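**Q**
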Amino acid sequence: MKGFKFILAGILFGIVMSKSEAISWYRIQEMFRFQSFHMYGIIGTAVMLGALTTYVIKKYKLRDYQGNPIVFQPKEMSIPRYLIGGTIFGLGWALTGACPGPMFVNIGFSYWVILVAIAGGLAGTYMYGAMSDRLPH
Amino acid sequence: MLELLRQPWPWYTSGAVIAFVMVLLLFFGKSFGFSANLRTICSACGAGKRVKFFDFDWRSQTWNLLFLVGAVVGGFISAEFLTSGEVVQISQATVQDLQELGISAPSGLQPEEIFGLQALFSVRGFLLLLLGGFAIGFGARYAGGCTSGHAISGLSNLQLPSLIAVIGFFIGGLITTFVLLPLIF
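Quick mapping for you: the protein sequence lines, in order, are chains P and W. All letters in the first sequence, in the order written, are residues 115 to 251 by the numbering used here. All letters in the second sequence, in the order written, are residues 26 to 210 by the numbering used here.
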């Protein structure tokens, strides 16, 4: 089964997000109050190792398992799009204590109320799609 | 070994595993970005008939939906087999700040005041989750990515747009933490 490896990668992601406690509302509050190094350590380590690997992949033009070149899509430059969109995202992140990944990991933990946040997330995504022409990008 | 896995993982292990997941997806020919799934689900539900933004071949994103399913299963495995039942060890300063808001010290992973069923059936609790989720979905698509796409993948690729997005995440998070939460609680 071709898709099985993605399920396995997802399982690893779900486990690390919960074992690092990054899915905890408390940890996100602690982060936004700058009262612990924990979340900064997680994100910082991930970005440093991620940047190192990204550099190596680009420098040695590494290929994926099928032999295709690994390409990185540069993001289009804009300030309003990322700043306004990011700020709206942050408002929600600190309210629910869960960004999109951890929302779903919380289901695995039987925190069923998070389904309300997921429903909200889908509605928000739909609303963006419906009005994106009228927003500054 | 299992005992060690059952403890909360230190930040450096966690960060390294997250980077590993990102690199794994790159070698699978994909890129790490979780919130794209919300768009895919909208599209799979037929939103493409009404809104052009959702009119794309969502089946090409099946791999990411499988990753999402895995994330739920991973959470379940952690909850069932990899937990020693410890309480989140947040700093004492945070515990105090939250108590002033009326949110009790951790007795598990999540606060009962937000994740408990009783909270869900209150107007405040329901709206907090619904509107919080709404802002996450709206903001993630507006900014073109969430924590995985911008803070991890984007910063790893030294993308300035991602840095701007992450600054935005913090502006929003600080407004919620220091302005909205005291108003709500």
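Cβ atoms here follow ideal geometry from the backbone N, Cα and C, with glycine treated the same way. The structure displayed is predicted, hence computed values, not measured ones.
Since P:Gly222 and P:Gly128 are thought to touch, with beta carbons under 8 Å apart, how far apart are those beta carbons, to the nearest angstrom?
**A** 6 Å
**Q** With 8 Å as the threshold, decide whether the Cβ of W:Leu47 is near any Cβ in chain P.
**A** Residue identity check: residue 47 of chain W is Met in the sequence provided, not Leu. Yes, contact with chain P.
**Q** In three-state terms, what does DSSP make of W:Arg84?
**A** Of the three classes helix, strand and coil, the one that applies to W:Arg84 here is helix, per DSSP.
**Q** Give me the Cα-Cα distance between P:Gly124 and P:Leu176, rounded to the nearest whole angstrom.
**A** 23 Å
**Q** Spell out whether any CB of chain W is found under 8 Å from the CB atom of P:Arg248.
**A** no
**Q** Considering only their Cβ atoms, is the gap separating P:Val227 from W:Phe59 smaller than 8 Å?
**A** No, these two residues do not count as a Cβ contact at 8 Å.
**Q** Should the stretch 128-138 of chain W be regarded as contacting the stretch 153-167 of chain P, the criterion being three or more beta carbon pairs within less than 8 Å?
**A** no
**Q** Leaving out five residues before and five after W:Leu50 in sequence, what residues of the same chain have Cβ atoms less than 7 Å from its Cβ?
**A** Ser56, Phe57
**Q** Return the bridge partner residues of P:Arg195 from the DSSP annotation.
**A** Beta-bridge pairing links P:Arg195 to no other residue.
**Q** Between the Cα of P:Arg141 and those of W:Trp36, W:Val48, W:Cys67, spot the shortest distance and give me the residue it belongs to.
**A** W:Trp36
**Q** Interface residues of chain P around W:Asp122 at Cβ under 7 Å?
**A** Listed along chain P, the residues sitting closer than 7 Å to W:Asp122 by beta-carbon distance are Arg147.
**Q** First and last residue of the alpha helix (DSSP H) that includes P:Met145?
**A** 139-146
**Q** With distances taken Cα to Cα, identify the nearest neighbour of P:Ile171 among W:Gly193, W:Gly54, W:Ala72.
**A** W:Gly54
**Q** If the cut is a Cβ gap below 8 Å, which residues of chain W does P:Tyr179 touch?
**A** From the beta-carbon of P:Tyr179, the residues of chain W found nearer than 8 Å are Phe52, Phe53, Gly54.
**Q** Along the chain, which unbroken stretches of the alpha helix (DSSP H) at least 4 residues long are found entirely within the stretch 213-244 of chain P?
**A** 214-222
**Q** Answer yes or no: does any C-beta atom of chain B fall closer than 8 Å to that of P:Tyr242?
**A** No chain B is part of this structure, whose protein chains are labelled P and W.
**Q** Please tell me whether P:Lys173 has its Cβ less than 8 Å away from any Cβ of chain W.
**A** no
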